[in-house]
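In the UniProt record's numbering, the protein residues as written are 1 to 1134. Think of the CB as a built atom: it goes at the ideal place given N, C-alpha and C, for glycine as much as any other residue.
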């Protein structure tokens, strides 16, 4: 290192002394003309010293400069003993990829597929005194030999297992040293499972409804195998098991149309269909597809019947049921015989004691059994005097078997009567009620049996009779007294009387007579004495005008959802005032003349549909327009027969609030003055489930109770979903379900059991692939109204765009093959740089045609609207150079791996994709590929020598990465000059690990969100970070886990550390800070390494964004290839 120069000690000179210490530090003059270095490495010093000597010391070597004293220097040998400390076992590489096939014939007979031993880092050889164990094997595929680390299969590999992701099954094993304390190492096994054709294709749905005026029904098949063992499928109708004559037309690789050759009558038609996959494999037995044909009176009638038919189960007829079926005809034969007997006059003979003829006067006052209502209020004529005083006895006047009829009637009522010996006159019988005394279960009204003998028939009197009011009152009073509740009360009263002396019981009865009853009777009304019609009408109106009051003292509870009272008559009214200020009217009934209003049915007149003022007052103009558009789409008013739409507003425009307003309006209103739907489901990424729940509570308060499923066991989730699906009626308790895409896919079978009025798919670009299971599970949902929310509907190509449109409104763009032939190929051909003028014109025409079709169900507004409501956003692309170490590693990898030659040959393999990933990680920091350099993987052979001596991957060194240097500077300046918070976004969790190390070294407070964090913790973390009192300075975010939908307005600076091939992912991540609620100026920094693969990524982003701008935003063709080339030249110029 440099030695000491001029010093101030005795004999100091300007010569160059020999440095004694190792390194390149600055020495201090320490003696006469001699300096000692403070760095590492011994050598002659050549630079001037920077310190002043204070007193002489022993020099290390003789100085050659003037002022040195010769002969006073010595050299001393130094020996350093380094003691080796075992570092424990390690796996090199840390991940071992094992190719494996589902085909049993390709699996080794002994089941051993690989050996993965740990190594000793000191020697580089296989570690000794180590035992092995499984750390993670979710489906128990393997067993590990404890001594040799041999990996042996326990079961046949299954690529369709839920634990296999993208064809890879991950398990981990441990290497445990036998010293104390033991040291462990973890190795990862990535099994690449090759698919075999072990599943036959099956129909997605085995039943469908069809209106009788139509002849076409669609069938769709799916196969759990992957390409090329899956689609395209071939469909064949088996005539022997098919009802009717049908033609089959293939729509695409997974769907076929069945056309009936004849008109269909209502009924059930079974069709046997054979489905073969791309390899010709079909299920052993033909599949049965049921078509339920019905006469359509509404839009969903057939679908309901088909769903019910699909869920129907077999029913067995038991022996008891057979007996009942045999007895039914016998009973049917008996009833006509009885009627014939009555008609022919045999009733008097057969039932002479029970049938009594009525004269014409009273028969007219009977109400027929099939007459509705009360009938007319008329007084029936009284019979002549039925009782006569004869010589000391009471005589009946021509009453047929009166005593028998009375006895039979009373016997059927449950008791018998006898007439007491007494000679009553008619006035005495009328006042009989006053002398009745009821106690216990006895009655003193007895009719002496001798009365029967005095009943004599007298001609000339009426043969029928009208019973006295006194008699009827006694009869019904007796029936009430025999009710079980009254019998129990009397029994209890008798038991009490037995215990209390007679004198006390009498006193008690007297007190009870004097004390008022605890239940007050109706209050006495001041009824007018006169019977004037106007006064009577006013009197009744005064009674009805009083509000209902619960007859319970001090009652303050709720009266329930619906208020008590009579149904309002007259014209129906809207739920909210359509003429109020700022009222958002979604539907206005057509104007009718006074003549039409008189003739119209008041119970069927349509009413206004008005958004709840609680929401309407906070909606911005573009949001009001969006809610109106959504409502018109889902109610089928924009496209006849289609009830779906796409909300494609850019990030930050309030798509969530607009959909909440739509959902709440449909749950409460419709032009028919009743709710349009009964239930709604919101499907979103897992990180947004709690956010949706909070937003519904924020805007609707306690008006609705949503159900958010963000965790729990399978049984608990199934129970919640069953409770939700089983709800029916206009006002269900929990009408909104919020669920993640993953949970929906796993529990789709439960949700498919019922019908849902509306499905909202947030971040709907998740459904860009029509072949994935999530898309198919949602598409099979019995929900006609569908809303898809996505700020980036086009991410890669037009076929993904077709999948989204087809999900919400199936059929408006035809099949996938038709769309590709009709739209995609001409548009892309016209946008090619070498396209002819005719191709460009044809492409523009097809583009206009596509826009005209889709715009009827898609609404799109750009973030330019936010400039009125949000602060300024500054977006900068920061170009960073490679450091010398990065440049050397980059060139070495290109020479060895040769990824460009592989791609130019048109072959894309796993190694090619791995090479691209390695280059992207190298642009972030060399530490991310250090393990590959240690193991000497392809492209990094000898790369370890390029790292500086003493390099350790455990410490972060910003100076080794160009982008990390810039990031370190941005964070330091932000921290010291502002009070802003920063969001750091990366596509790799390894890069987030480097961010953590940097924050710890700089003592920055931070939080981190990636895919390993649970949903509940994510919501709490975001809420805490957005709080102004939070001390956290940095929010680290994985773009895949939290790049969509999160609201991070607590920060106003965002650093996009590495770009993604999909521009939508970058746009989504960068929109986390510039959205509603932001108060500060926002700064977005996009770090880009020049001269690397990241430039190619920027070019692809420019091309895809230009395609999206033309199709979705309807902008003029910006010339994507030219734009990309200009962007690249601008980068090189910088």
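| Query | Result |
| --- | --- |
| Are the CB atoms of residue 118 and residue 175 nearer to each other than 7 Å? | yes |
| Tell me where the beta strand (DSSP E) around residue 126 begins and ends. | No beta strand (DSSP E) holds residue 126; DSSP gives it neither H nor E. |
| Closest by CA to residue 245, which one among 258, 735, 1007? | 258 |
| Can you give the beta carbon distance from residue 1082 to residue 966, rounded, assuming they're within the 8 Å contact cut? | No, residue 1082 and residue 966 are not in contact; Cβ-Cβ is about 19 Å, not under 8 Å. |
| May I have the straight-line CA-CA distance separating residue 1135 from residue 1005, to the nearest angstrom? | Outside the shown range of the chain (1 to 1134) lies residue 1135, about which nothing can therefore be said. |
| Return helix, strand or coil for residue 681, following the three-state DSSP convention. | strand |
| To the nearest angstrom, report how far apart residue 690 and residue 1078 are at their CA atoms. | 21 Å |
| Nearest-angstrom Cα distance between residue 989 and residue 729? | 48 Å |
| Tell me the start and end of each unbroken beta strand (DSSP E) in the UniProt domain "Helicase C-terminal" (965-1119) that is at least 3 residues and wholly inside, in chain order. | 982-986, 1006-1009, 1034-1038, 1053-1056, 1082-1089 |
| Residues bridged to residue 250 by DSSP? | 256 |
| To which residues does DSSP link residue 292 through a beta bridge? | 209, 268 |
| Leaving aside the five residues before and after residue 681 along the sequence, list all residues of the same chain whose C-beta is less than 6 Å from its C-beta, in chain order. | 737, 756, 759 |
| Starting from the Cα of residue 655, find the closest Cα among 678, 581, 629 and give me that residue. | 629 |
| Pull the bridge partners of residue 171 from the DSSP assignment, please. | 189 |
| So, is residue 82 buried or exposed, given that buried needs 16 or more other C-beta atoms within 10 angstroms? | exposed |
| Just tell me which of 285, 936, 268, 264 has its CA closest to the CA of residue 274. | 285 |
| On the DSSP letters alone, give me the boundaries of the beta strand (DSSP E) that residue 218 sits inside. | 216-222 |
| Going residue by residue through the segment 571-595, where are the continuous beta strand (DSSP E) segments of at least 3 residues, counting only ones entirely within it? | 585-587 |
| Could you tell me whether the segment 785-804 touches the segment 814-827, where touching means 3 or more Cβ pairs closer than 8 Å? | yes |
| Could you tell me the alpha carbon to alpha carbon distance between residue 272 and residue 242, rounded to whole angstroms? | 5 Å |
| Using CA atoms only, rank isn't needed, just tell me which of 978, 961, 787, 1073 is closest to residue 1087. | 961 |
| Enumerate in chain order the residues of its own chain whose CB-to-CB distance from residue 586 is below 8 Å, with the five nearest sequence positions on each side excluded. | 609, 610, 611, 627, 628, 631, 632, 665 |
| Quick one: Cα of residue 75 to Cα of residue 934, how far? | 39 Å |
| Find out if the Cβ-Cβ distance for the pair residue 794, residue 762 is shorter than 7 Å. | no |
| Note down, in chain order, each residue of its chain lying with its Cβ closer than 7 Å to the Cβ of residue 144, except the 5 sequence neighbours on either side. | 132, 133, 134, 151, 173 |
| Tell me whether residue 783 sits in a helix, a strand or coil according to DSSP, three-state version. | coil |
| Return the residue from the list 850, 852, 826 that minimises the CA-CA distance to residue 843. | 826 |
| Measure the alpha-carbon distance for residue 782 versus residue 725 and round it to whole angstroms. | 11 Å |
| Between the C-alpha atoms of residue 1000 and residue 921, what's the straight-line distance to the nearest angstrom? | 22 Å |
| Could you give the distance in angstroms between the alpha-carbon of residue 644 and the alpha-carbon of residue 229? | 33 Å |
| Cα-Cα, which of 687, 829, 106 is closest to residue 1012? | 687 |
| Compute the Euclidean distance between the alpha carbons of residue 141 and residue 85, then round it to the nearest angstrom. | 37 Å |
| Less than 7 Å between the C-beta atoms of residue 994 and residue 956, yes or no? | yes |
| Quick one: is residue 1148 buried, meaning 16 or more other Cβ sit within 10 Å of its Cβ, or exposed? | With the chain running from 1 to 1134 in the structure shown, residue 1148 is simply not present. |
| In the DSSP output, what is residue 669 paired with across the bridge? | None, per the DSSP bridge assignment. |
| Enumerate in chain order the residues of its own chain whose CB-to-CB distance from residue 930 is below 6 Å, with the five nearest sequence positions on each side excluded. | 953 |
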